[in-house]
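The next block holds one structure in the form of structure tokens; read it before the comments.
Quick look at the structure:
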């Protein structure tokens with residue numbers, strides 16, 4: 036029996052957040068057009084409680100839950116941990132759970148699946164019946180999928196993929212979305228469906244349990260349904276779709292079933308993204324034709340409003356990218372002390388702490404990082420030594436500014452894979468996902484004499500005898516200073 | 354009168370005096386707001402020339418000061434029949 040008491044559904048998660056003071060119930064009517072988005076955005080920028088908007092204009096019976104995982108407190112709640120847990124504690128727990136044995140999902144009967152309480156088929160299918168929000172003023176459309184999972188399955192290998200690919204409502208039965216060529220779904224489409232001219236069945240699940248959303252967002256090699264089981268300590272409950280053979284989370288609030296068209300594209304975007312910009316203009320993108328909608332009674336639509344830090348796109352993606360890279364580096368025997376992406380880097384900079392055991396270790400780390408499937412999502416790797424606290428930006432920044440040799444410490448990798456969302460990239464680079472990467476090697480060279488060549492760090496912790504440090508710490512308040520927490 | 358909006362990268366896409374194909378979204382109030390149609394239409398910078406109004410946004414969502422009137426001649430159905 037599981038010892039983990041994580042919320043099993045979006046509803047349980049909302050209740051847990053309200054109880055902890057990390058969500059607020061908004062009783063007054065909120066407009067789906069900009070107002071809901073603006074509330075979520077402001078909550079993100081203030082690091083405030085998540086808004087649970089219980090009354091939506093034009094959509095009686097529906098509600099919104101915004102910014103579900105935009106703070107580490109809510110991430111801790113999602114994992115069933117103390118909300119006050121520190122980031123290193125949350126990371127340690129994530130690694131412990133995801134390094135175990137995969138837990139296979141179970142398929143339940145459709146009569147037991149809450150997501151089947153309402154079923155729209157045929158002429159009844161209409162996305163306008165859902166409270167799809169206009170998240171940012173000026174977006175190319177109302178976005179159905181901002182915090183969700185697009186479920187697909189490789190028809191030959193059987194690989195199941197849950198991915199968070201943004202989806203815009205084009206009309207009542209059509210969505211378009213950004214699916215990058217290097218993503219799991221992008222590879223599946225280009226490898227199998229598009230060359231054969233076959234449509235790809237999909238199901239979009241909205242209002243997932245927070246751990247299912249975490250799995251959909253994580254770049255883990257473990258199939259997402261099993262990853263959810265590992266994170267929650269018990270099998271994920273799935274149910275078969277109405278119109279295709281895919282299986283979806285049974286407790287999700289809304290399921291949209293359909294097919295990705297190989298021979299039909301409509302425009303998508305622009306959309307405010309996790310980089311903090313609307314970078315890519317509208318273009319003809321992957322198009323999803325909707326055949327069925329199912330939803331729970333009083334369904335809650337989840338909204339992530341991406342923009343300047345910090346929202347769950349940055350926070351959760353930084354978290355999972357960093358920890359997945361840590362796993363990769365450890366699997367290669369590299370003596371890392373930890374890996375951290377600060378969410379404010381909009382998951383563009385990977386900070387790696389390592390024991391500088393041999394020459395070239397920083398380059399080895401960068402090459403593994405950039406060469407892995409994680410690589411397209413960031414373009415900077417900074418490597419610091421094992422004495423630097425990777426979670427302390429003051430220490431990392433000091434190491435960067437003082438140890439990274441302008442000629443020898445900065446290594447540029449050209450013509451790599453990039454994302455169309457890089458704000459700094461040229462329009463040509465964005466169009467073809469052309470990237471470039473940089474390594475900041477902040478390690479003292481191994482061939483420097485440690486006594487005579489390596490500068491001595493002048494800090495309280497490093498230059499004073501232990502007895503003096505202890506005396507100063509013991510007398511600190513006696514000297515007249517307030518207590519340091 | 355209907356209100357529409359279009360996204361363009363270049364205002365030259367809205368050539369006056371000829372039929373053009375564009376995707377426009379409705380700004381009429383209601384649950385259909387912001388849904389798209391692909392249409393053949395004529396546009397004019399003279400706001401009185403055609404019955405409907407057209408607002409313009411640039412590629413990254415910036416609202417243009419330019420306003421147009423528009424006549425939707427027909428909706429173009431590009432959707433292959435197997436998806437209907």
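Residue numbers (the working numbering), protein chains in the order written: chain A, 36 to 520; chain B, 354 to 437.
Yeah, the Cβ is synthetic: ideal placement off N, Cα and C, and Gly gets one too.
Only a predicted model underlies this, so the values are computations on that prediction, with no experimental measurement involved.
Notebook entry, point to check: Are the beta-carbon atoms of residue 239(A) and residue 210(A) separated by less than 9 Å?
Noted result: Contact: yes.
Next item on the list: Taking the CB atoms as reference points, tell me whether residue 531(A) and residue 97(A) lie closer together than 9 Å.
Entry: This structure does not reach residue 531(A), given that chain A is present from 36 up to 520, and the question cannot be answered.
Check: Would a check of beta-carbon distances place residue 376(B) closer than 9 Å to chain A?
Finding: Answer yes: the Cβ-Cβ gap between residue 376(B) and chain A drops below 9 Å somewhere.
Notebook entry, point to check: Can you find a CB in chain B that lies within less than 9 Å of the CB of residue 171(A)?
Noted result: Residue-level contact by beta carbon holds for residue 171(A) and chain B, with a gap shorter than 9 Å.
Next item on the list: Flag residue 132(A) as yes when its Cβ comes closer than 8 Å to any non-hydrogen atom of the ligand FAD, and as no otherwise.
Entry: Judged by which ligands are present, the structure shown has none, so any question about the ligand FAD falls away.
Check: How many angstroms separate the CA atom of residue 504(A) from the CA atom of residue 484(A)?
Finding: Straight across, the Cα-Cα distance linking residue 504(A) with residue 484(A) is about 27 Å.
Margin query: Within a Cβ cutoff of 8 Å, which residues of the same chain sit near residue 141(A), ignoring the five residues on either side of it in sequence?
Written below: So the qualifying residues of the chain are 270, 271, 272 and 273.
Checklist line | alpha helix (DSSP H) runs contained entirely in the segment 88–176 of chain A, provided each spans 4 or more residues | finding: DSSP runs (the alpha helix (DSSP H)) wholly in the segment 88–176 of chain A: 107–113 and 122–133.
Margin query: Can you tell me whether residue 520(A) is helix, strand or coil according to DSSP?
Written below: Of the three classes helix, strand and coil, the one that applies to residue 520(A) here is coil, per DSSP.
Note to self: Any beta carbon of chain A sitting closer than 9 Å to that of residue 413(B)?
What the structure shows: Judged by the 9 Å Cβ criterion, residue 413(B) is in contact with chain A.
Next item on the list: Using the Cα positions of residue 157(A) and residue 328(A), report the straight-line distance between them to the nearest angstrom.
Entry: Distance between the alpha carbons of residue 157(A) and residue 328(A): 10 Å.
Margin query: Under DSSP, the beta strand (DSSP E) around residue 420(A) begins and ends at which residues?
Written below: Note, residue 420(A): beta strand (DSSP E), 415–420.
Notebook entry, point to check: DSSP three-state call for residue 293(A): helix, strand or coil?
Noted result: Three-state DSSP puts residue 293(A) in a strand.
Notebook entry, point to check: Nearest-angstrom Cα distance between residue 36(A) and residue 500(A)?
Noted result: Note that residue 36(A) has pLDDT 45, beneath the 50 cutoff, so the model's placement of it is unreliable and the number below is only indicative. So the alpha carbons of these two residues sit roughly 51 Å apart.
Next item on the list: Could you tell me if residue 486(A) is buried or exposed, where buried requires 16 or more neighbouring beta carbons within 10 angstroms of its beta carbon?
Entry: Residue 486(A) is classed as exposed because its beta carbon has fewer than 16 other beta carbons within 10 Å across all chains shown.
Margin query: For the beta strand (DSSP E) containing residue 447(A), name the first residue and the last one.
Written below: Element bounds for residue 447(A): 445–452.
Notebook entry, point to check: residue 360(B) versus chain A: which residues are under 7 Å apart at the beta carbon?
Noted result: Neighbours of residue 360(B) on chain A, chain order: 175 and 317.
Notebook entry, point to check: Are any of the Cβ atoms in chain A nearer than 9 Å to that of residue 383(B)?
Noted result: Interface residue, yes.
Next item on the list: Hey, could you find the ends of the alpha helix (DSSP H) residue 468(B) is sitting in?
Entry: Nothing can be reported for residue 468(B): it is not among the residues displayed for chain B, which extend from 354 to 437.
Next item on the list: Taking residue 221(A) as part of the beta strand (DSSP E), name the residues at either end of that continuous run.
Entry: Where residue 221(A) is concerned, there is no enclosing beta strand (DSSP E), although the alpha helix (DSSP H) it sits in stretches over 219–223.
Next item on the list: Counting only runs of 3+ residues fully inside the segment 368–407 of chain A, write out the beta strand (DSSP E) ranges in chain order.
Entry: Runs found: 371–375 and 384–389.
Notebook entry, point to check: Between the segment 473–480 of chain A and the segment 396–416 of chain A, do three or more beta carbon pairs fall short of 8 Å?
Noted result: Output reads yes: the segment 396–416 of chain A touches the segment 473–480 of chain A.
Check: Name the residues in the segment 328–351 of chain A whose C-beta lies less than 9 Å from a C-beta of chain B; which are they?
Finding: So nothing in the stretch comes that close.
Note to self: Helix, strand or coil, according to DSSP, for residue 424(A) in the structure here?
What the structure shows: Here residue 424(A) sits in coil by DSSP.
Check: Counting along the chain, where does the beta strand (DSSP E) carrying residue 274(A) start and finish?
Finding: That run of the beta strand (DSSP E) goes 272–275.
Note to self: Along the chain, where does the beta strand (DSSP E) containing residue 197(A) start, and where does it finish?
What the structure shows: Judged by DSSP secondary structure, residue 197(A) falls within the beta strand (DSSP E) whose first and last residues are 195–198.
Next item on the list: Measure the beta-carbon distance from residue 347(A) to residue 494(A) and round it to whole angstroms, keeping in mind my assumption that it falls under 8 Å.
Entry: The distance from the Cβ of residue 347(A) to that of residue 494(A) is about 35 Å, inconsistent with a contact at the 8 Å cut-off.
Check: So which residues on chain A does residue 433(B) lean against when the C-beta distance must stay under 8 Å?
Finding: What residue 433(B) touches in chain A: 296, 298 and 299.
Next item on the list: Could you have a look at residue 417(B) and say whether DSSP puts it in helix, strand or coil?
Entry: Three-state DSSP puts residue 417(B) in a strand.
Check: Got a sec? Which residues, its chain only, sit under 7 Å from residue 429(B) by beta carbon, not counting five neighbours each side?
Finding: Annotation for residue 429(B): 374, 391, 392 and 393 place their beta carbon closer than 7 Å to its own, counting only its chain and skipping 5 residues before and after.
Next item on the list: Could you tell me which chain A residues have their CB closer than 9 Å to the CB of residue 371(B), listed as they occur along the chain?
Entry: Under the 9 Å cutoff, chain A gives no residues; its nearest Cβ is about 21 Å from residue 371(B).
Next item on the list: Return helix, strand or coil for residue 515(A), following the three-state DSSP convention.
Entry: In this structure, residue 515(A) counts as coil in the three-state DSSP scheme.
Checklist line | Helix, strand or coil at residue 249(A) [DSSP, three-state] | finding: In the structure shown, residue 249(A) sits in a helix (DSSP, three-state: H, G or I).
Notebook entry, point to check: Measuring CA to CA, which of 160(A), 336(A) and 303(A) is closest to residue 103(A)?
Noted result: Considering only alpha carbons, the answer is 336(A).
Next item on the list: Going by DSSP, name the residue or residues bridged to residue 235(A).
Entry: According to DSSP, residue 235(A) bridges with 295(A).
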